[in-house]
Each structure stands twice: as C-alpha cells, then as structure tokens.
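Colleague: Before we start, here is the structure in question, set down as structure tokens.
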Amino acid sequence: MDVFHHAGRRTLPTVDGSTRQFEYRQDRFSGTEMELFTNHKYYDAYIGYAAFMYCDSLTSIFIPSSVDGMLNQVFSHSPNLETIYCEHTHKPAGWHDDWDQIDDGVGHPNRVKWYSETPVYGGNHWHYVGGVPTIWVI
C-alpha cells in the first residue's frame, strides 16, 4: 500500500503502539516531504524494501535497536539523506547487505552512524546527549 506516495506530508500519523502494531511496506513513506523520521521502539521489528523511496526531503532518520530486520534499498532515490542513526552497535545479521543503497547501486557507510556508549574514532558512531543522538567527535 503506497500510503504517502507524493502526498507532500511533513509529518506522519500517530499510531498507538500499545493497541496497534504496523509494519512498513514497500513505498510506505515514499515521496513525502518529511525531513526527519523517528521510529519509536514499540512499532515494529523490520523495515521493508524501498520503504522510504523517493523521500527527497528526508535528511535524517533514527532506527531503534528493536528493528532487527531491514530489507534492501530502504532509502532508494532519497538523495538528501545525510545521516542514519542506528541504535545498534553494528549491522545486525537480519539486515540486507544493500539496505542503505540510494540510487547509485552502492551503500553509503559514511552516512550510517552506529550507537556507542564510549567515544570511538572514525566519526561513524553516536551517543545520547540530553536524549538527543549526537555524533562522537574526538
């Protein structure tokens, strides 16, 4: 179901995770003008193929540790996506190898930031500062 395709929405509907669960399907948020998406821990366990396809305005996304499955090309044709904050410390086994491809057929590991409680050299890790994901700077 292509719920948000070219809808021009900047916000997502509220879903009460305690009474309803949903999963992201192909093109679930495609074509939206949203700039930031935060997936709350109680929503689902995986994000499907091309779930955020053609989200030109999407610049940042937070993926909680509850997401243990990620299909391929989740962010296909979302060229302005600069930072993917993953609450995992590394890519889980259940994530497809090309989950972070845009539209050029390759992954973009520099935009993926993995969680770390302690400082890590290299610039690809983040931690919480006042509840906000913040990239480690050493």
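In terms of our numbering, the sequence shown opens at residue -11 and continues consecutively. Every residue gets a Cβ at the ideal spot worked out from N, C-alpha and C, and that includes glycine. As the structure is a computational prediction, the values presented were derived from the model and not from experiment.
1. Looking only at its chain, what residues have a beta carbon closer than 8 Å to the beta carbon of SER104, apart from the 5 residues adjacent to it on each side?
2. Sorted by chain position, which residues of the same chain lie with C-beta nearer than 6 Å to LEU59's C-beta, five sequence neighbours on each side aside?
3. Tell me the rounded alpha-carbon separation between THR47 and TRP102.
4. Have a look at the DSSP bridge pairing and note the partners of HIS115.
5. Using C-beta distances below 6 Å, list every residue in its chain close to PRO107, excluding the 5 sequence neighbours before and after it, in chain order.
6. Using the C-alpha atoms, what's the distance from ALA81 back to GLU70?
7. Can you grab the Cα-Cα spacing for the pair GLN89 / GLN61, in whole Å?
8. Kindly give me the distance between the Cβ atoms of PHE50 and TYR73, rounded to whole angstroms, as I take these residues to be in contact under 8 Å.
9. Quick one: what's got a C-beta closer than 6 Å to GLU75's C-beta in the same chain, skipping five residues either side?
10. Kindly list the residues whose CB is nearer than 7 Å to the CB of LYS79, restricted to its own chain and excluding five residues on each side of it in sequence; keep chain order.
Modeller: On the basis of the supplied data:
1. Counted from its first residue, the sequence shown places residue 104 at position 116. The residues are THR77, HIS113, TRP114, HIS115, TRP124.
2. On the sequence shown, residue 59 is found 71 positions in, with the first residue counted as 1. Around LEU59: GLY36, TYR37, HIS84.
3. The sequence position of residue 47 within the sequence shown is 59, counting from 1. The sequence position of residue 102 within the sequence shown is 114, counting from 1. Going from the Cα of THR47 to the Cα of TRP102 covers about 17 Å.
4. Position 127 of the sequence shown holds residue 115. Bridge partners of HIS115: THR122.
5. Position 119 of the sequence shown holds residue 107. Result list for PRO107: TRP124, ILE126, in chain order.
6. As a working note, residue 70 is residue 82 in the sequence shown. As a working note, residue 81 is residue 93 in the sequence shown. The straight-line gap from Cα to Cα measures roughly 23 Å.
7. Position 101 of the sequence shown, counted from the start, is the residue given in the question as residue 89. Position 73 of the sequence shown, counted from the start, is the residue given in the question as residue 61. Rounded to whole angstroms, GLN89 to GLN61 spans 5 Å at the Cα level.
8. Stepping through the sequence shown from its first residue, residue 50 is reached at position 62. Stepping through the sequence shown from its first residue, residue 73 is reached at position 85. About 5 Å; that satisfies the 8 Å criterion.
9. Walking along the sequence shown from the start, residue 75 turns up at place 87. Closer than 6 Å at Cβ, skipping near neighbours: PRO52, SER53, TYR103.
10. Looking up residue 79 in the sequence shown gives position 91. Around LYS79: no qualifying Cβ.
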